[in-house]
Structure formats: structure tokens, C-alpha cells
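S.K.:
Here is the structure:
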């Protein structure tokens, strides 16, 4: 039987590792911020950190008041540096296998968020850290950001979705060059590649991401969830199948209270008050 991974010690024993923050600002009332908060390790994803990410994303996914999520870091110089290799160095093969479903639940938790998700990347986002960002729908990077999937340089491969998500973002050959060379990309290089979506002044990625979240969260919660569902489910199927997926999501939205409120608000030239169902 695999042994249980070592429990956190020191600061990790009491730190939350991941926080979910909500806002008093009315424009951000429907935005949830998931903060990676293991600064002493530059947010390296230990077993307990992975559990905390999975728990935070599950909490947010179950909250119907959330219309948009922003994934941020409490560390000014690192979004997340990837897997905790110090912890892994002490693992037996059995330990590593025991940790695998825990890690997959963390990355899958971000990827499966039912509402739009924005990653705010300042500093390093490497390996699993970049995979957390790629699991979001939009990546906003500060000018000083450094991103990449360097796993082959330490004898593994991207295992948090990177081999699949980067290919889908930038295409096979561009992803192949980045992954096979273990490249570390500047924010500008990542933008040119298509691996990030927007570059803003260093240190301002969180602010820019929250402003985008404010815009997104003003829209219909039913519409946002169903648009994301249609896009995700239709991304890897043929056009005919994708159009059927879209039609199902359209029907789920078109006969909702949100659609009725949206049309009425437009006709009455006022802001909609979304019922969210």
C-alpha cells in the first residue's frame, strides 16, 4: 500500500494555502477571487496545496452567485512555480502514484469551473503553475511574467493538462517547440505565441483581471454558464455535433428568466437585474 504523503509542517501547517475572496464593491459582487497563498514556497503545489485548490474550486463552482472567477497569487514575484519538487524528492513510487489523483483534482477543479475564469499572472508561472493558468479561459500577464512548461528538463512531462491545453491554444508545432525545448517565455513571447491573451504593466495583472471580471460579471449568469458549456463541449467535436451542443445550450438559456429580463431591460433602456435562472 502507498504511504500517506507527509503532512505540512511549519508555516504550511496553519496557513490556508488557498483563499477564496469576495468583494463589497457592487461591480465585483459576483466575482470570486481564488488566491494561491503559499508565498514561502512561491506557491509550489504540494499535496496539501493541491487539496486546497480542489476544495476552493469546488466551493466556488457550487456557489450560484458567482459569475466570474479570477485566479491570483499572494506572491509578488510568482504566480506558481509548479509542483513541489522538494516534497516529491522524498516520495517513493507508491507515494507518487497516491498523489496523482489529488493533483489531477486540483487542475481539473480549475478547468471545470462552470463560469468564466481569468488567470492573473505576475512573476513566474512554470510547469504546474502555468497549467493552472492555462486551465482558465483567459490569461492576463504582467510584463515581468515568465511562463513555460519545462517538465522534460527534470525527467517528467506536463501532467496538469499542459500537453493538451497548450496545443489547443497555440497549435501543435508551436506547443511542441515550447514543450520539447522546456522553454521559459517572457510575457511578450507568450503573447506572440498565443499562450497568454493580454500583457499589462508589471504588477498590474490582478487589477486588469478584476476589471475584465467586472465587465463579464455584469452579464447574464445563465448566459455565461451556458456559453462556456457550449464552447468547452463543442471545442473537440465536428461542426455538426458542435452546433447540436450549441443548440442545447441555447435552449437552456432562451427559456430562462435571464432571457426574459434581458429583453425587457433592453426594451425599457435600463440595466438588467438578472434572476440567474
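In this note's numbering, the protein residues as written are 1290 to 1566.
We put the beta carbon where it would ideally sit given N, CA and C, even for glycine.
Nothing here was measured: the structure is a model prediction, and the numbers come from that model.
Just to confirm, is the Cβ distance from residue 1488 to residue 1476 under 8 Å?
M.R.: Numbered from 1 along the chain shown, position 199 holds the residue referred to as residue 1488. Numbered from 1 along the chain shown, position 187 holds the residue referred to as residue 1476. Their beta carbons are under 8 Å apart, which means residue 1488 touches residue 1476 by this criterion.
S.K.: For the segment 1390 to 1397 against the segment 1356 to 1368, do three or more pairs of beta-carbon atoms, one drawn from each stretch, fall closer than 8 Å, so that the two count as touching?
M.R.: No, the segment 1390 to 1397 does not touch the segment 1356 to 1368.
S.K.: Distance check for residue 1561 and residue 1555, CA to CA, integer angstroms please.
M.R.: Translated into the one-based positions of the chain shown, residue 1555 becomes position 266. Translated into the one-based positions of the chain shown, residue 1561 becomes position 272. Looking at the two C-alpha atoms, the distance is approximately 8 Å.
S.K.: Among 1422, 1426 and 1553, which residue has its Cα nearest to the Cα of residue 1524?
M.R.: By one-based count along the chain shown, residue 1524 stands at place 235. Residue 1426 is the option with its Cα nearest to residue 1524.
S.K.: For residue 1401, which option in 1310, 1449 and 1437 has the closest C-alpha, if you only look at C-alpha atoms?
M.R.: Here residue 1401 refers to the residue found at position 112 when the chain shown is read from its first residue. Nearest option by C-alpha distance: 1449.
S.K.: Would you mind sorting residue 1405 into buried or exposed? The rule is 16 or more other CB atoms within 10 Å of its CB.
M.R.: Indexing the chain shown from 1 puts residue 1405 at position 116. Buried, by the Cβ-count rule.
S.K.: Give me the Cα-Cα distance between residue 1528 and residue 1384, rounded to the nearest whole angstrom.
M.R.: On the chain shown, residue 1528 is found 239 positions in, with the first residue counted as 1. On the chain shown, residue 1384 is found 95 positions in, with the first residue counted as 1. Between residue 1528 and residue 1384, the C-alpha separation is close to 43 Å.
S.K.: So, under 8 Å CB-CB, residue 1415 and residue 1371 are touching, yes? Tell me the CB distance rounded to an integer number of Å.
M.R.: As a working mapping, residue 1415 is identified with position 126 in the chain shown. As a working mapping, residue 1371 is identified with position 82 in the chain shown. Indeed they touch by this definition, with Cβ atoms about 5 Å apart.
S.K.: Classify residue 1329 as buried or exposed, calling it buried when 16 or more other Cβ atoms lie within 10 Å of its own Cβ.
M.R.: If you number the chain shown from 1, residue 1329 lands on position 40. Counting Cβ neighbours within 10 Å, residue 1329 comes out exposed, since fewer than 16 surround it.
S.K.: Should residue 1542 go down as buried or exposed, given a rule of 16 or more other Cβ atoms within 10 Å for buried?
M.R.: Working through the chain shown from its first residue, we reach residue 1542 at position 253. Residue 1542 comes out buried.
S.K.: Does the segment 1407 to 1414 come within contact of the segment 1339 to 1354, defined as at least 3 CB pairs closer than 8 Å?
M.R.: Output reads no: the segment 1339 to 1354 does not touch the segment 1407 to 1414.
S.K.: DSSP three-state call for residue 1398: helix, strand or coil?
M.R.: Your numbering for residue 1398 matches position 109 in the chain shown. Of the three classes helix, strand and coil, the one that applies to residue 1398 here is helix, per DSSP.
S.K.: Would you please verify whether the beta carbon of residue 1540 is less than 8 Å from any beta carbon of chain D?
M.R.: Absent here is chain D; the protein component of the structure consists of one chain.
S.K.: What do you get for residue 1338, buried or exposed, if any count of 16 or more other CB atoms within 10 angstroms of its CB means buried?
M.R.: Here the question's residue 1338 lines up with position 49 in the chain shown. Residue 1338 is buried by the Cβ-count criterion.
S.K.: Give the C-beta separation of residue 1459 and residue 1483 to the nearest angstrom, bearing in mind that I take them to be a contact with Cβ-Cβ under 8 Å.
M.R.: Residue numbering aside, residue 1459 sits at position 170 when the chain shown is read from its first letter. Residue numbering aside, residue 1483 sits at position 194 when the chain shown is read from its first letter. Confirmed, Cβ separation roughly 4 Å.
S.K.: Compute the distance between the beta-carbons of residue 1428 and residue 1486, then report whether it is under 8 Å.
M.R.: Stepping through the chain shown from its first residue, residue 1428 is reached at position 139. Stepping through the chain shown from its first residue, residue 1486 is reached at position 197. The answer is yes: Cβ separation under 8 Å.
S.K.: Which residue wins for smallest C-alpha separation from residue 1559, given the options 1380, 1550 and 1565?
M.R.: Locating residue 1559 in the chain shown gives position 270, counting from the first residue. Checked all of 1380, 1550 and 1565; the closest Cα to residue 1559 is 1550.
S.K.: If residue 1511 sits next to residue 1466, beta carbons under 8 Å apart, how far is it from one beta carbon to the other, in whole angstroms?
M.R.: The residue given as residue 1511 occupies position 222 in the chain shown. The residue given as residue 1466 occupies position 177 in the chain shown. About 40 Å; that fails the 8 Å criterion.
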